[in-house]
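J.:
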Amino acid sequence: MATVSNLIMEGNSTVDETFDNADWLAWFNGALGELSLALNLEGKADVTIDYDPYDTAILHRDFPLPADCIMLSAILDSNGQMLRLTTIDKAKEGSKIYEYGGRIYFSDDYPIGSTFSLLYTRRPAQLKNDSDVPEVPEEFQQLLVIYGCYKSQIKDDELERAQMFYMEYLAQKQNFETHMKRTRPKKSMGYGSSWQVIR
11 MATVSNLIME GNSTVDETFD NADWLAWFNG ALGELSLALN LEGKADVTID YDPYDTAILH
71 RDFPLPADCI MLSAILDSNG QMLRLTTIDK AKEGSKIYEY GGRIYFSDDY PIGSTFSLLY
131 TRRPAQLKND SDVPEVPEEF QQLLVIYGCY KSQIKDDELE RAQMFYMEYL AQKQNFETHM
191 KRTRPKKSMG YGSSWQVIR
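Per our numbering, residue 11 is the first one in the sequence shown, and the count goes up by one each step.
#1: Below 8 Å on the Cβ atoms is my guess for V25 versus Q152; work out the distance and round it to an integer in Å.
#2: Should the region 124-133 be regarded as contacting the region 48-59, the criterion being three or more beta carbon pairs within less than 8 Å?
#3: I need the DSSP call for A135, collapsed to helix, strand or coil.
#4: Which two residues bound the contiguous beta strand (DSSP E) that contains I122?
#5: What residue range is occupied by the uninterrupted alpha helix (DSSP H) comprising M177?
#6: Using CA atoms only, rank isn't needed, just tell me which of T66, N31, L95 is closest to F116.
#7: Taking C-beta to C-beta, are V14 and D140 nearer than 8 Å?
#8: Using a Cβ distance threshold of 8 Å, determine whether the region 34-51 contacts the region 155-169, with at least three qualifying pairs required.
#9: Does the separation of the CB atoms of P74 and R113 fall below 8 Å?
#10: State buried or exposed for T193, treating a residue as buried only when at least 16 other CB atoms are found within 10 Å of its CB.
#11: As a quick exercise: from P63, M19, E44, pick the residue whose alpha carbon is nearest that of W34.
#12: In the structure shown, what three-state DSSP assignment does E149 receive?
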């Protein structure tokens, strides 16, 4: 697998010019953001209903969605059972769990100490160091380089050349998305390749 350093060298060689590593990192991360949904990476976070450690008068029954969450897929109780989730606009009297404003709320039906697992589709890890390896299948890491080349040419005001790289990026991205739909692995919790929030 290519590291960020390898991809930067390839990018500089392709455009026949040297750009700052910080620029390439930003461009690679921009490409990762565009590829996030197709990557279909699995995330998991555990939350527990409990008192605030600094103020035992406050009981936490609501939790922010993880920062890398693109889409919440399921909520499991401590026995691995999938729980029903509603949104605030569809919440009916008696709803036990609902999502609103990027937070998950649990009703009083769940006692202190109740633990839940949030399963979600996550963003790939941001690239920060030269030694980082992108969370993209090796055969498609070239997408990051092409996207970076496109952005580098915009920065240099080489719009015709930027357009050429962008068209190549779009073609390669379409191949990538088709490949991922055919080959993406099933989620580990056994809900198939596509989770669904029960509403």
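Heads up, the beta-carbon is just placed ideally off N, CA and C, and yes, glycines get one too.
T.: In brief:
#1: With a Cβ gap of about 14 Å, V25 and Q152 do not count as contacting.
#2: yes
#3: DSSP places A135 in coil when its eight states are reduced to three.
#4: Here I122 belongs to no beta strand (DSSP E), and DSSP marks it neither H nor E.
#5: First-last of the alpha helix (DSSP H) with M177: 169-193.
#6: L95
#7: yes
#8: yes
#9: Yes, the pair counts as a contact, with Cβ atoms nearer than the cut-off.
#10: exposed
#11: M19
#12: helix
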